[in-house]
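To start, the structure under review is shown below, and the notes come after it.
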Amino acid sequence: MLLKLQNLKLFRRRLSSLAILLLILIVLSGVAAAIRINDYQQQSASEAFNQTQTEKLALAASGMIDMLQDWQQRFNEMSAENAQDPVAFGWPDASTSCVISFIPAAPTSDACIPVSFGTINSLRQADMQGMADIAVMQPNTPQAHILLTKKLDAAGYLVLSLQMTELEDKLRERYLSIGTGSLALQQGAQNWLTLIEQGDGKAQHSSPVFTQALPGAYWRLAFWPAEGVAKTAAWPALLMLAIIVCALCWLVINRFSTLKPKKQAQIGARPRPVEYTENEVNIDNTPPPAVIRAAAPKVSKTESVDRVRPVDIKPVIFKAYDIRGIVGTQLSEPIMRVLGLAIGTEAQHQEQTRIIVGRDGRLSSESFSDALIEGILASGCDVTDIGAVPTPLVYFASQHMRTHCGVVVTGSHNPQGYNGLKIVINDKTLSGDAIQGIYHRIQHSRLYSGEGQLRQADIIASYIEKVKQTVPLSRPLKVGVDCGNGIAGKVVPQLLTALGCEVHELFCKVDGHFPNHHPNPAQPQNMQDISKLVREKHLDIGLAFDGDGDRLGVVDGEGEIIWPDRLLMLFASDILKRHKGSTIVYDVKSTGLLRQVITKTGGKAMMCASGHSLIRAEMLKHEAKLAGELSGHIFFADNWYGFDDALFAACRLLALIADDPQRRGATEIFAAQPQSVSTPEILIDLDTAECRRFMTQFTQNAQFDDGEVITIDGVRVNFSNGWGLVRASNTVPGLTLRFEAETEEDLEQIKQQFIQQMLQVKPNLSLNF
C-alpha cells in the first residue's frame, strides 16, 4: 500500500511538472504570436503614417511651386524698362532691379547689386538657359535676398532682388496647412542649408524625414513630423494573455501540490488536468503574416527605399531631354527596373495611372523593356505594352488610348552600344528639370510601392488607319525607303503601301547590329545608299529614318540631300496658308532662311534650343502649329497630335508633292526655295565635362564684333552674309557645329572666325572641318 502511495506521489509530481512545462510553452507561443502580430500592425501603421506625411508635404510644396511659377512668369514678362520701377510692375517686395551688362569674373560690390560667387553662377546659368533657377544670395545674413536672373534679348542680364518677406510668409502659410512638426526651406544640392524654418526647431539638429524638390529653384522643402506611429493595441492584448495564462498555471500548480488529508487516502481520486483549447490562447483571428500578405488587397502607395540602394545609377545618363547611356556600364536591367519604379511614381504623382511602353529594335531593348515594365508595375502604375514599334507610335498610343503617358526604350540615333528612355507624362515630354526630377526621386528614395496591372496591345493597324484618314494621297508616288535596319522598318513599308505608294525598300529588316550603315540620316554618309537607289530606280523621292523612327531624312528625285530645315520651309509655307499668324518653332541649328520664309508668309518665327523635348515644350507654350529641328524631328499640331513623328512628316511631304498644282516633282519644288550654302551638322568628339568647360570659356571670351551673338543654346553668331554655331551636344559627348552663308567664300570666312576663336580657348582641339 505504501509503495502504491509513493508511486502515486511520483506520478503526481511528474504530471504537475509536465502541465507546468506545457503551460510555459503555451505562454511562450502566445507571446511570440503577439509579437509577430504587433510587428505587422506597427508596419501597417508606419506605412499609413508615411503616406499621410508624404501627402502633407506634397500639399505644402504645391503652394510653394505655384508661387515660384508665378514669379518666373512675371519675371519673364519684365523688360529692362520695367526694371526702373519693379514695384509698379507687381513686385511689392522688390529691393533692387537692374541690368548687368556683363558677367563679372569675380565677386564685386561695384555692380548695381552685390555680386557674389552665387550671383555669378546665376548669371552664367541665365546666359546658357535664358533664365536661372531662383536662389537666395547671402543666406542667413541681414543682407539675404532672393535673386531672379534672366538674359535679355539685347546685351545684358536683368536681375531682380526680392526681400525675404514673401518667402517667409509663404512658408508660414504652408506650415499652417500641415499644422504640426517642423517645416524648413533648404537650399543646396548635397549639403543642404536651412534658409527658413517653421515649427518645433528640428531642422538644425537632424536629417529631414521627408523632402520635396521645388522645380525652378535651388530649393527643397524638408519636413519633420511631430511624432511617430502610434502604438498599436497588440501589447495590451499580450499583457492580458500573460495574466490569464499565469492564473491558469497557479491554479494547476495549486491543485497538484495541495492534497487535503481526506483526499490523500482516496487512492482512486486522481487529479483532473486543466483543459484548454487553441482558441483560448489566440488573441484574435488575424492570419499569420504570410497569409496576410498573400490575401492583402492592392498595396497602397508607400515610400520604398531598400530596393534602390544596391543599384549604382550614374547621374550622367540623365540628359537634357531624355535618359541615355552606354549599355553594360551605365545602363542595365536592374537600373531599368529602378527607372521604371521612379517613372511610375512620377506619373502617379501627376495623377496618371496608366503608361504605354514600347521599344526599338536594339539588342538590349527587349530585356530593358521587360525590366522597365517590372519597375513601373511595382510602383502601382498600370502598363500597356505595345511591343517593338517606332517611338512616334508610343506617342500616338498615349493619345489614342488616352493614357497621356508613354515611355519608349530606345537609343535613338546613337551608336549601337547605347540605349535609353524617352518619356512622356501627362502629355509633356520630360526634359531638363523634369528629367533630373526622376534622378532625384531615386536618389532620395521617394518611390511608391504597389501592384500595377499589365496589358498588351497592337497599335500599328490603328496608327496606319489614322494616318490614311488624315493624309490621303491624290496620286501614287514611287518612293525609296531606307530604315537603316531600325525599328521604322516594321511600319514604314506597310504605311506607304497603304497610302498607295510604290515602295522600294532598303534595309527595312529590323536588326540591332545595324549591319549596313548606322540609322542616322543627319550624317551625309548614311544617305548615300538611298541617294543611289533613287537615281538608279528613277524614283520620285527617297526617305530615310533614324533608329527609332522619329527623325526624317530626305533626298529629292536626283538623289540630293534635302536637310530637314528646308523641309520646314516647305511645311511652314503650306500651313501658314490656312493658319495665318501662327507661330513656327525651329532650333538654333536651322537655316537663317527659315525666318525669312515664315515672316514673308505671315507667320511668327521663334528660334529655341535644340532637343525634341525642349522644342515640344516651346510648341505647347506658344500654341505653334509646326515645329522642327535640323536633326529631323518635325512636329505637326494643325491636324496631328503635336509630337515628333518622322513617319507622319514623310506622309505630309508626299501629300504636298502629290498635290502640287503644277505637278512638279520634289527636285523642282525644292529648287524653287531660297538657296544658300551650308554644312551639315559637324561633330567634334570631346568629353562631356570638357565640353561644358569649353563652352563656358568660349561663351565668355569669344569676340564677334561684326555679328549678333545668340546664346540660347551654345553660341550662334548671325552675320550679314551668314551665320555659325558651336554648342555642346546633349546626346553624345562632343561639340556640334554648323555654318551657313550666301557663297562658298563667305562660308569659309565664317568657319575661320570660329576656328580662331575656338583654338584660343583650347589650342589642342582637333577641328576637322
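Residues in the sequence shown are numbered from 1169 upward in steps of one, following the numbering used here. Every residue, glycine too, gets a C-beta built ideally from N, C-alpha and C.
Burial state of residue i (16 or more Cβ within 10 Å)
i       : result
Asp1528 : buried
Ser1269 : exposed
Ile1435 : Interpretation of Ile1435 is limited by its pLDDT of 31, a score under 50 that renders its predicted location unreliable; the figure taken from the coordinates is listed afterwards. That one is exposed.
Glu1365 : buried
Lys1745 : exposed
Pro1732 : buried
Pro1938 : Limits of the chain in this structure are 1169 at one end and 1937 at the other, which puts residue 1938 out of reach.
Arg1643 : exposed
Leu1193 : exposed
Arg1522 : buried
Asn1244 : exposed
Asp1708 : buried
Val1702 : buried
Lys1919 : buried
Lys1757 : buried
Residue i: first and last residue of the uninterrupted alpha helix (DSSP H) it sits in
i       : result
Asn1289 : 1285 to 1297
Val1635 : 1628 to 1638
Ser1546 : Note on residue identity: the sequence assigns Ala, not Ser, to residue 1546. Per DSSP, Ala1546 belongs to the alpha helix (DSSP H) from 1533 to 1546.
Gln1925 : 1912 to 1929
Glu1858 : 1856 to 1869
Leu1822 : 1814 to 1826
Arg1884 : Per DSSP, Arg1884 belongs to no alpha helix (DSSP H); it is in the beta strand (DSSP E), 1883 to 1887.
Lys1789 : 1780 to 1790
Arg1803 : Looking at the sequence shown, residue 1803 is not Arg but Phe. Premise fails: Phe1803 lies in the beta strand (DSSP E), 1802 to 1804, not in any alpha helix (DSSP H).
Member of the options whose CA lies at the smallest distance from the CA of residue i
i       : options                            : result
Ala1666 : Ile1632, Gln1691, Gln1696, Gly1648 : Ile1632
Arg1340 : Leu1363, Arg1831, Arg1623          : Leu1363
Asp1553 : Gln1567, Ala1546, Asp1538          : Asp1538
Asn1507 : Ile1524, Gly1298, Gly1555, Tyr1607 : The question names Asn, yet the displayed sequence has Leu at residue 1507. Out of Ile1524, Gly1298, Gly1555, Tyr1607, Tyr1607 has the C-alpha closest to the C-alpha of Leu1507.
Phe1862 : Ser1799, Lys1930, Leu1291, Phe1838 : Lys1930
Glu1542 : Pro1558, Ala1565, Thr1513, His1517 : Thr1513
Gln1928 : Thr1847, Met1569, Thr1867          : Thr1867
Ile1729 : Asp1742, Ile1743, Asn1694, Asp1716 : Asn1694
Gly1526 : Asn1936, Ser1547, Ser1580, Asp1278 : Ser1580
Ala1690 : Val1639, Val1883, Leu1711          : Leu1711
Ile1747 : Asn1594, Met1775, Ala1792          : Note on residue identity: the sequence assigns His, not Ile, to residue 1747. Checked all of Asn1594, Met1775, Ala1792; the closest Cα to His1747 is Ala1792.
Ser1350 : Leu1225, Asp1724, Asp1278, Ala1274 : Leu1225
Val1495 : Trp1360, Ser1533, Met1232, Gln1518 : Ser1533
Asp1855 : Gly1892, Gln1241, Asn1898          : Asn1898
Ile1481 : Ile1627, Ala1773, Gln1498          : Gln1498
His1313 : Ala1322, Asp1321, Ser1329          : Ser1329
Lys1319 : Ser1630, His1572, Thr1264, Ile1878 : Ile1878
Phe1682 : Ser1230, Gln1662, Lys1700, Gly1657 : Gly1657
Gln1331 : Arg1784, Ala1352, Ala1303, Asp1812 : Ala1303
Ala1565 : Gln1604, Ile1524, Val1327          : Ile1524
Leu1933 : Glu1876, Ala1510, Glu1858          : Glu1858
His1672 : Ile1655, His1706, Leu1641          : His1706
DSSP bridge partner residues for residue i (one or two, in chain order)
i       : result
Glu1501 : Answer is none; Glu1501 lacks a bridge partner.
Asn1276 : In the sequence on display, residue 1276 carries Thr and not Asn. Note: Thr1276 sits in a beta bridge opposite Val1283.
Tyr1325 : Ile1268, Lys1319
Val1660 : Answer is none; Val1660 lacks a bridge partner.
Gln1516 : Partner(s): none; Gln1516 has no beta bridge.
Asp1774 : Here residue 1774 turns out to be Met, not Asp, going by the sequence shown. Note: Met1774 sits in a beta bridge opposite Val1753.
Arg1832 : Looking at the DSSP assignment, Arg1832 forms no beta bridge with any residue, so it has no partner.
Glu1365 : Ala1352
Val1647 : Val1671, Ile1709
Asp1301 : Answer by DSSP bridge pairing: none, since Asp1301 is not bridged.
Gly1526 : Gly1555, Val1576
His1313 : Met1305
Ala1839 : In DSSP, Ala1839 forms no bridge with anything.
Endpoints, the beta strand (DSSP E) within which residue i is located
i       : result
Tyr1754 : 1751 to 1755
Phe1486 : Where Phe1486 is concerned, there is no enclosing beta strand (DSSP E), given that its DSSP letter is neither H nor E.
Ala1390 : 1387 to 1392
Ile1554 : 1550 to 1556
Phe1378 : 1378 to 1382
Ala1896 : 1890 to 1896
Val1877 : 1876 to 1878
Ile1494 : 1491 to 1494
Glu1256 : Looking at the sequence provided, one finds Ala at residue 1256 rather than Glu. It is not in any beta strand (DSSP E) - Ala1256 carries neither H nor E in the DSSP assignment.
Asp1480 : Note, Asp1480: premise wrong, no beta strand (DSSP E); not H, not E.
Could you name each continuous beta strand (DSSP E) segment of 3 residues or more that falls completely within the segment 1583 to 1626, going from the start of the chain to the end?
-> 1586 to 1593, 1622 to 1624
Within the segment 1696 to 1772, ranges of the beta strand (DSSP E) (whole runs, at least 3 residues) | Every beta strand (DSSP E) stretch that sits fully inside the segment 1696 to 1772 and reaches 3 residues is listed by chain position as 1709 to 1713, 1720 to 1723, 1751 to 1755.
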